[in-house]
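Beneath this line is the structure, given in structure tokens, with notes to follow.
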Ligand SMILES: Nc1ncnc2c1ncn2[C@@H]1O[C@H](COP(=O)(O)OP(=O)(O)OP(=O)(O)O)[C@@H](O)[C@H]1O
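Numbering (the UniProt record's numbering), first residue to last: 1 to 671.
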């Protein structure tokens, strides 16, 4: 039976293969049965007695034992300690007493370089990460610094470490803020972000610790897979390297998948795991523009409900029998793609999808005459990505843009499969327990909840549910006027789409309320906008770009006035994402408050709980909303339905992956 991630010790990291990664095989049925029985019969009765946090606590004592001795050393002597511990880690592995000593060293180095001393709870979290757990640390509890403990320990032992996060801003910020610490210990740091050349990427991945995003990592890995498949086998790779004939540096960018620490792990493991990553190459636009224009023209003559059915919740669209007949008549006598029944139905279905299911400033933005996809979970544009099967070109024609070339798939992978290939994987997030079961079954990671460093002072107000969007905008503007203008607090308003952020911005402008806007279209000054968001009377309107990971520091006097106030203007498909937005306030024991001001016209309610929403709208009429728990069942139902649908897509993704795996194994190809 293959070892689980938790059972590995440092020797497992020292695999001698040229491109180390874990073989990604489904466990055999008898192995799964044995594991199930062992858990149920042996561990089951004692489960309640086992406290996963308690098992990690001894690390605090081990580290404390070295603290005084390290504190009196000069910088030079401390650096010598760091180089002395390298060989020990390499030879004796990650035994808790040695890890404790290493953590004490990193803690002392952090105090001297970045002016922050790891809290005890951060040592516990760091040890959990080193052991391959998914640690749940509440928002703002300092995951960035906690991750430096296992990252530096594994890097000192000589193995490459990847710190994977959700966007370029965070990858760059974290690498920049932690650089002095790593360099003090004799380690190098790299960051991989969009737009970097292969040589720059290779240099960054050659560093001891590399900060990167899930997307950059996945595409770099896919490119390596393609390069590797072009060689006859990994045997060839080893022989080539032995002979020195293989120019490894020319075609591979990564050094394999050793130790991966995934930040915002629920977002990457769950929310982003609905779409497989596809590496494609250009095949030339050719006749496409004309076809797309014809497709959109035919599509616009078809009638919803009669010629096609739309399912907004599933984001799905199908032609009816009548629609097919109508299309046959419309295209009668036409040549090329229109003469094939299958091809024309596919093209017109995609044209309808482009028209009905993809909205500008929600699913994409048009910047410099180009259609750019907006990632719904992070609120950011993804300039290198395009939709498949002609959809991207149809949207370009719909928006009157230049047509980009059609793409052909070269390789594909799901996040589920990619991350299982790390020899040791761990993760951290503020919001994991809702999805702990899925994370355990798909990635093999146990969730450990880390206690707070200081009690939270966050005040969560009851939600306010307005009847209409217009009423919602009015109430939000009132609230901002009172909290920011009159009381001088900092206010962050979170929206779900670029369009919604612009609507709120317009409503604030109409009242003369100065504010900063941060969305996929205005992301140039992101670091400056975030840096100023905690200043007195500052108002910031942002999409999810300012959701996860963003650390808003309070300006002078703001804490005394109540801290940052966060307004959520639309519930997300998942409660976890709502909690992430609320987590921007009241960090590290600061004061802060948050509330939801939403409307019965929000997409989440209309699409996923339409019946209940209409009923409530009738009952309430157009009255002034009062904060209430009354709407909780509506929120619960809508988010439950949305999550259930996303869960279904993820399961299908994993199944398709397994099917592809079997087919590719049969045909002898890698990916
Ligand atoms: N040990 C420490 N000493 C001093 N300041 C700290 C310490 N740990 C964290 N902080 C500060 O706390 C703030 C929050 O840290 P960080 O952004 O890493 O939290 P987080 O857990 O990643 O939050 P989120 O869940 O929102 O991503 C930062 O300003 C950071 O500098």
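The beta-carbon is built from N, C-alpha and C at its ideal position, and this holds for glycine as well.
Given the structure is predicted, the values throughout are model-derived calculations rather than measurements.
For residue 522, no alpha helix (DSSP H) encloses it, and the DSSP letter there is neither H nor E.
It is roughly 14 Å from the alpha-carbon of residue 437 to the alpha-carbon of residue 643.
Taking residue 347 as reference, the option from 363, 324 and 369 with the minimal CA-CA separation is 324. Here the alpha carbons of residue 421 and residue 21 stand approximately 5 Å from one another.
Look at residue 578: its beta carbon is at least 8 Å from all of the heavy atoms in ligand 1. Membership of residue 91 in the alpha helix (DSSP H) is indicated by the continuous run 75-92.
An exposed status is given to residue 51, since fewer than 16 other beta-carbon atoms sit within 10 Å of its beta-carbon. It is roughly 11 Å from the alpha-carbon of residue 277 to the alpha-carbon of residue 223. Contact annotation: residue 263 and residue 131 have beta-carbon atoms that are not nearer than 9 Å. Selection 188, 141, 377 and 182 evaluated against residue 576 yields 377 as nearest (Cα-Cα). Taking C-alpha positions only, residue 606 is separated from residue 253 by approximately 46 Å. For residue 433, the distance from the CB to the nearest heavy atom of ligand 1 is not below 8 Å.
With a cut-off of 8 Å, the C-beta of residue 572 is classified as distant from ligand 1, since no heavy atom of the ligand falls inside that distance. If you check the CB distance, residue 148 and residue 104 do not come in under 9 Å.
DSSP places residue 300 in the helix class (H, G or I) of the three-state scheme. One alpha carbon belongs to residue 195, the other to residue 261, and they sit about 23 Å apart. Nearest to residue 472 by C-alpha distance, out of 481, 629, 547 and 625, is 625. A distance of 9 Å or more separates the beta carbons of residue 272 and residue 460. Nearest C-alpha to residue 291 among 302, 337 and 328: 337. With a 10 Å radius around the Cβ and a threshold of 16 neighbouring Cβ atoms, residue 141 comes out buried.
Not one heavy atom of ligand 1 is found less than 8 Å from the C-beta of residue 162. Between ligand 1 and the CB of residue 119, the shortest heavy atom gap is smaller than 8 Å.
DSSP, reduced to helix, strand and coil, places residue 448 within a strand of the structure shown. Per DSSP, reduced to three states, the secondary structure at residue 179 is helical.
The three-state secondary structure of residue 626, taken from DSSP, is coil. In the displayed model, residue 373 falls within a strand according to three-state DSSP. In the structure shown, the three-state DSSP call for residue 364 is strand. Assigned with DSSP and collapsed to three states, residue 601 falls in coil, not helix or strand. The alpha helix (DSSP H) runs of length 4 or more contained entirely in the segment 472-512 are, from start to end of the chain, 498-510. Here residue 423 carries a coil assignment [DSSP, helix/strand/coil]. According to the DSSP assignment, residue 162 belongs to the beta strand (DSSP E) that extends over 161-165. A contact between stretches requires three or more CB pairs, one per stretch, nearer than 8 Å, and the segment 151-170 meets this requirement with the segment 206-214.
At a Cβ-Cβ threshold of 9 Å, residue 590 and residue 554 count as neighbours.
Across the structure, residue 641 and residue 191 are spaced so that their CA atoms are roughly 38 Å apart. Counting C-beta atoms within 10 angstroms of its own C-beta, residue 108 has 16 or more neighbours from the protein chains shown and is therefore classed as buried. Looking from the CA of residue 480, the closest CA among 635, 507 and 153 belongs to 507.
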